[in-house]
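Below is one structure; the comments refer to it alone.
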Amino acid sequence: MTSHTYSTAKPDEAAAPDSPESGQLDATPLVEVVREARRHLPLDPMKIMECNDVDVYYGAFRAVTSVSLGFGYNEITALIGPSGCGKSTLLRSLNRMNDLIDSARVEGEVTFHGQSIYAKDVDPIEVRRRIGMVFQKPNPFPKSIYDNVAYGPRVTGMKVESMDDVVEEALTRAALWDEVKDKLKQSAFGLSGGQQQRLCIARTIAVRPEVILMDEPCSALDPIATSRIEDLMVELRQDYSIIIVTHNMQQAARVADRTAFFTALADEGTGDRTGLLVEFDLTTKIFSAPSDERTENYISGRFG
Amino acid sequence: MASLGSLATVPLKAKREGDKNAKSIVFVGLLWFAVLFAVLCLAVLLIDTFLDGRTRLDGNLFTRYTSEVIPETAGARAAILGSALVIVLTAAMAIPLGVAAGIYLEEFADSRRWYNRIIEVNLTNLAAVPAIVYGMLTAGVALSIGLPRRIVLCGAIALALLILPVIILTTREAIRAVPQEIRQGSLALGATPLQTVWRQTLPSAVPGIATGSILALSRALGEAAPLLLLGGLVFVNYDPNGLFSGYTVLPIQIFNWAQQSQLAFQQVASAAIMLMLVLLLIMNTLAIIIRNRYQKRW
Ligand SMILES: Nc1ncnc2c1ncn2[C@@H]1O[C@H](COP(=O)(O)OP(=O)(O)OP(=O)(O)O)[C@@H](O)[C@H]1O
Ligand SMILES: [Mg+2]
Chain P
1 MTSHTYSTAK
11 PDEAAAPDSP
21 ESGQLDATPL
31 VEVVREARRH
41 LPLDPMKIME
51 CNDVDVYYGA
61 FRAVTSVSLG
71 FGYNEITALI
81 GPSGCGKSTL
91 LRSLNRMNDL
101 IDSARVEGEV
111 TFHGQSIYAK
121 DVDPIEVRRR
131 IGMVFQKPNP
141 FPKSIYDNVA
151 YGPRVTGMKV
161 ESMDDVVEEA
171 LTRAALWDEV
181 KDKLKQSAFG
191 LSGGQQQRLC
201 IARTIAVRPE
211 VILMDEPCSA
221 LDPIATSRIE
231 DLMVELRQDY
241 SIIIVTHNMQ
251 QAARVADRTA
261 FFTALADEGT
271 GDRTGLLVEF
281 DLTTKIFSAP
291 SDERTENYIS
301 GRFG
Chain B
1 MASLGSLATV
11 PLKAKREGDK
21 NAKSIVFVGL
31 LWFAVLFAVL
41 CLAVLLIDTF
51 LDGRTRLDGN
61 LFTRYTSEVI
71 PETAGARAAI
81 LGSALVIVLT
91 AAMAIPLGVA
101 AGIYLEEFAD
111 SRRWYNRIIE
121 VNLTNLAAVP
131 AIVYGMLTAG
141 VALSIGLPRR
151 IVLCGAIALA
161 LLILPVIILT
171 TREAIRAVPQ
181 EIRQGSLALG
191 ATPLQTVWRQ
201 TLPSAVPGIA
211 TGSILALSRA
221 LGEAAPLLLL
231 GGLVFVNYDP
241 NGLFSGYTVL
251 PIQIFNWAQQ
261 SQLAFQQVAS
271 AAIMLMLVLL
281 LIMNTLAIII
291 RNRYQKRW
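Protein sequence lines correspond, in order, to chains P and B. Residue numbers for the first sequence follow our numbering, beginning at 1 and rising by one. Residue numbers for the second sequence follow our numbering, beginning at 1 and rising by one.
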């Protein structure tokens with residue numbers, strides 16, 4: 001983990017000998033890393049997760065209608081669209097967090113490595129361990145920083161040689177280690193909002209998921225904390241597939257490899273507004289030459 | 001733009017004069033009187049009891065049994081030990097049951113099921129049932145299973161039944177106060193619902209549960225009615241020594257003494273009342289300290 005190249009890049013091009021320690025992107029500007037990465041993206045993603053004709057209902061109300069899209073291995077996929085179009089709903093259905101909402105129901109198929117996560121014999125606990133989630137509001141546990149990170153490995157019964165190492169590694173990857181290494185035993189509530197959010201990311205990484213879902217992870221943070229998290233996402237992209245919901249168009253444009261634009265349309269039958277996938281493509285294409293007029297209106301701020 | 005200037009010249013309104021008029025002074029005065037009256041009555045009662053009982057607030061109160069013949073040295077030893085035993089047993093039965101029921105109802109019960117809804121509605125009603133009813137219930141059950149009703153176990157069962165609804169409701173409230181984000185955070189890491197309850201929800205709810213439980217127990221400590229109904233009104237001059245032992249408790253002992261005509265009994269009753277008030281005060285203070293100390297950080 002000494003450089004910010006991606007698997008498809010030629011190693012001698014980017015692996016500068018003086019490349020910075022992991023967790024620091026300052027030497028290679030984010031823009032450069034992302035631009036380089038995008039150059040090597042395949043047209044269609046190598047799918048780690050896929051939605052096939054997914055409908056999500058709350059009781060009789062259909063919040064999301066007929067969504068089909070694939071999420072790439074080690075890519076960042078952004079979900080954007082106006083408020084209420086079902087982005088969070090769709091995101092929660094990707095790791096069965098909506099099982100916790102009594103009225104929620106998913107139709108269609110959500111697959112992870114080709115296996116349906118809603119199949120009868122699939123354990124939702126296992127699904128959530130392998131598909132982690134970071135929430136909009138930082139939600140550290142009322143425990144020490146150390147225990148926050150160690151919680152996941154402990155409850156999932158992960159075999160670890162040294163919990164200290166697991167905690168250090170997770171915090172380092174979340175670019176938080178230097179700030180907290182002297183106060184690991186202190187309450188997580190003593191951290192700033194941005195630090196808390198990175199702690200939540202560290203906590204998620206500690207159980208070694210394959211996919212990380214993030215629902216507006218920066219919306220409660222200031223611009224500096226936001227940019228740190230964006231750096232972090234690009235850094236994590238090497239080992240994780242990330243799916244992020246964001247209202248911040250620049251954020252999607254900055255970090256995401258692919259972007260899906262959703263909108264809410266009134267259902268012909270019931271008149272309820274339901275979420276639809278309008279367009280899904282490479283981020284560069286979505287932001288420079290979208291093929292749907294609604295996408296263009298939205299990203300240019302004419303509709304919102 | 002021009003209007004900005006005129007906007008800025010509108011002065012802030014002066015403080016209204018009416019706020020200090022006669023009407024409001026009378027009103028505030030009445031409120032003060034109401035408070036003073038309540039506090040004064042309480043103070044008079046306390047002082048009177050203290051003066052009555054002060055000569056008997058001594059070692060004898062704790063070490064001697066009550067006596068029918070020498071009221072001058074009668075003590076509350078049997079009642080103190082009886083109260084302690086009954087309360088400990090009550091807590092041992094009511095708290096685990098109540099907390100478990102509260103957790104089930106709040107975290108696992110599907111509130112759309114009719115039987116869970118019936119339980120919910122009835123819990124609130126149960127909390128308002130007069131204490132004596134629980135005495136009758138316990139007496140009935142004891143009779144039907146052939147248990148003597150004057151024993152420690154039956155008294156504790158009646159009191160446990162009495163405070164069970166309160167503990168369940170307290171537990172539910174304390175659990176509900178734990179933010180949903182904590183549970184979601186735990187579950188999203190691959191914890192099971194049971195782990196989430198044990199390691200996140202319950203620890204966060206413990207201060208609330210403790211506060212409520214202590215308050216409920218202090219109610220049980222002062223309760224005489226259900227135990228009277230179970231036949232607790234007897235002279236006990238031995239230490240209770242187990243679940244099946246006869247016993248008496250402080251409120252019943254006080255009731256017992258207060259019925260006697262001799263002045264010495266009246267005085268020892270007052271002394272016992274002071275003792276009970278101090279105990280209640282300690283328990284309530286403890287509850288408040290726990291509540292404030294561990295006040296939620298979210
Ligand atoms: N728990 C729920 N129960 C019932 N309806 C819900 C629930 N959560 C969301 N909805 C409805 O589903 C629709 C989609 O909501 P969702 O939160 O997924 O939108 P969103 O795109 O994430 O919006 P935002 O950008 O504001 O976060 C909305 O109409 C919302 O009212
Ligand atoms: Mg949302």
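Beta carbons are placed, not taken as given, at the ideal position from N, Cα and C, and that holds for glycine. A quick note: this is a predicted structure, and the numbers were derived from the prediction, not measured.
Report task. Return the residues of the segment 194 to 215 of chain B that lie within a Cβ-Cβ distance of less than 9 Å from chain P, sorted by chain order. Result -> Residues Q195, T196, R199, Q200, P203 and S204.
Query raised in the report: Just how far apart, CA to CA, sit M49 (chain P) and L43 (chain P)?
Result: When rounded, the distance between both Cα atoms is 16 Å.
Query raised in the report: Helix, strand or coil: which one does DSSP assign to T295 (chain P)?
Result: The three-state secondary structure of T295 (chain P), taken from DSSP, is helix.
Report task. Could you check how far apart the C-beta atoms of A256 (chain P) and T111 (chain P) are, in whole angstroms? I think they sit under 8 Å. Result -> About 21 Å; that fails the 8 Å criterion.
Query raised in the report: So, using beta-carbon positions, are M283 (chain B) and S218 (chain B) closer together than 8 Å?
Result: Yes, these two residues count as a Cβ contact at 8 Å.
Query raised in the report: chain P beta carbons: is any one of them nearer than 8 Å to that of I288 (chain B)?
Result: At least 8 Å separates the CB of I288 (chain B) from every CB of chain P.
Query - Member of P:K143, P:M158, P:A63 and P:Q186 whose CA lies at the smallest distance from the CA of G185 (chain B) - result: Per the Cα distances, P:K143.
Report task. Hey, could you find the ends of the beta strand (DSSP E) M49 (chain P) is sitting in? Result -> Counting along the chain, the beta strand (DSSP E) containing M49 (chain P) begins and ends at K47 to Y58.
Query raised in the report: Short check: CB of A220 (chain P) to CB of P140 (chain P), under 8 Å?
Result: Contact check for A220 (chain P) against P140 (chain P) fails: the beta carbons are separated by 8 Å or more.
Query raised in the report: Is the number of C-beta pairs between the segment 171 to 178 of chain P and the segment 227 to 238 of chain P that are closer than 8 Å three or more?
Result: Contact holds between the segment 171 to 178 of chain P and the segment 227 to 238 of chain P, because three or more Cβ pairs, one in each stretch, are under 8 Å apart.
Query - D215 (chain P) CB to nearest heavy atom of ligand 2 below 7 Å - result: Checking the 7 Å criterion, the Cβ of D215 (chain P) is within range of a heavy atom belonging to ligand 2.
**Report entry** chain P contact for T192 (chain B) (CB, 8 Å cutoff)
**Finding:** At least one CB atom of chain P sits nearer than 8 Å to the CB of T192 (chain B).
Query - Separation of K159 (chain P) from C200 (chain P), as counted between CA atoms - result: Looking at the two C-alpha atoms, the distance is approximately 21 Å.
Query raised in the report: For C41 (chain B), is the classification buried or exposed, using 16 other Cβ atoms within 10 angstroms of its Cβ as the cut-off for buried?
Result: C41 (chain B) is exposed by the Cβ-count criterion.
Requested in this report: Only counting runs of 3 or more residues, tell me where the beta strand (DSSP E) segments fall wholly within the segment 245 to 283 of chain B, in order along the chain.
Outcome: Entirely contained in the segment 245 to 283 of chain B, not one beta strand (DSSP E) run reaches 3 residues.
Report task. State yes or no: is the C-beta of K87 (chain P) nearer than 7 Å to some heavy atom of ligand 2? Result -> Distances between the C-beta of K87 (chain P) and the heavy atoms of ligand 2 include at least one below 7 Å.
Query raised in the report: When the Cα of L61 (chain B) is compared with those of B:I168, B:I289, B:A269 and B:I288, which residue comes out closest?
Result: Checking every option, the nearest Cα to that of L61 (chain B) belongs to B:A269.
Query raised in the report: So with Cβ pairs under 8 Å, would you call A109 (chain B) a contact of chain P?
Result: The beta-carbon of A109 (chain B) is placed no less than 8 Å from the nearest beta-carbon of chain P.
Requested in this report: Compare the Cα-Cα distances from Q251 (chain P) to each of P:T263, P:D239 and P:V234 and report the closest residue.
Outcome: Measuring C-alpha to C-alpha distances from Q251 (chain P) to each of P:T263, P:D239 and P:V234 identifies P:V234 as the nearest.
**Report entry** Meets three-Cβ-pair contact criterion under 8 Å: the segment 152 to 167 of chain B and the segment 253 to 269 of chain B
**Finding:** No, because fewer than three Cβ pairs between the segment 152 to 167 of chain B and the segment 253 to 269 of chain B fall closer than 8 Å, the two stretches do not touch.
Requested in this report: Please confirm if V207 (chain P) has its CB atom under 8 Å from at least one CB of chain B.
Outcome: Yes, contact with chain B.
Query raised in the report: Can you list, in chain order, the residues of its chain whose CB lies under 6 Å from that of G194 (chain P), leaving out five sequence neighbours each side?
Result: The beta carbon of G194 (chain P) sits closer than 6 Å to those of L221 and A225, all from its chain and outside the five residues before and after it, given in chain order.
Report task. Select from the segment 137 to 158 of chain P all residues with a C-beta closer than 7 Å to any C-beta belonging to chain B, and list them in chain order. Result -> The residues in question are K137, N139, F141, P142, Y151, G152, V155 and T156.
Query raised in the report: CA-CA distance, G72 (chain P) and V54 (chain P)?
Result: In this structure, the alpha-carbon of G72 (chain P) lies about 18 Å from that of V54 (chain P).
**Report entry** Partners in chain P for I182 (chain B), counting only beta-carbon separations shorter than 7 Å
**Finding:** Neighbours of I182 (chain B) on chain P, chain order: N139 and F141.
Query raised in the report: So is the beta-carbon of V245 (chain P) under 7 Å away from any non-hydrogen atom of ligand 2?
Result: V245 (chain P) Cβ: within cutoff of ligand 2.
**Report entry** Residue of P:P223, P:N74 and P:K87 minimising C-alpha distance to V278 (chain P)
**Finding:** That would be P:K87, whose Cα lies nearest to the Cα of V278 (chain P).
Requested in this report: Give the interface partners of T135 (chain P) over in chain B, defined as CB-CB distance under 9 Å, in chain order.
Outcome: Inspection of the sequence shows that residue 135 (chain P) is occupied by Phe rather than by Thr. In chain order: E181, Q184, G185 and A188.
**Report entry** As assigned by DSSP and simplified to three states, the class of T170 (chain B)
**Finding:** Looking at T170 (chain B) - three-state DSSP - the assignment turns out to be helix.
Requested in this report: Indicate the three-state DSSP secondary structure (helix, strand or coil) for Q250 (chain P) in the structure shown.
Outcome: Helix at Q250 (chain P).
Query raised in the report: Can you list the residues of chain B that G132 (chain P) reaches, using a CB-CB cut of under 9 Å?
Result: For G132 (chain P), the chain B residues whose C-beta falls within less than 9 Å of its own C-beta are A188, L189 and G190, listed in chain order.
Report task. Throw me the rounded Cβ distance for the T171 (chain B) and I209 (chain B) pair, which I believe falls under 8 Å. Result -> About 5 Å separates the two Cβ atoms, so the contact holds.
Query raised in the report: Any idea what DSSP makes of R198 (chain P), helix, strand or coil?
Result: Helix.
Requested in this report: Using alpha carbons as the reference points, say which of B:Q200, B:A188, B:T192 and B:P193 lies closest to P179 (chain B).
Outcome: Comparing Cα-Cα distances from P179 (chain B) to each of B:Q200, B:A188, B:T192 and B:P193, the minimum goes to B:Q200.
Query raised in the report: In whole angstroms, what is the alpha-carbon distance linking R56 (chain B) and G212 (chain B)?
Result: Computed Cα separation, rounded: 33 Å.
Requested in this report: Go ahead and label R62 (chain P) buried or exposed: buried means 16 or more other beta carbons lie within 10 angstroms of its beta carbon, across all protein chains shown.
Outcome: R62 (chain P) comes out buried.
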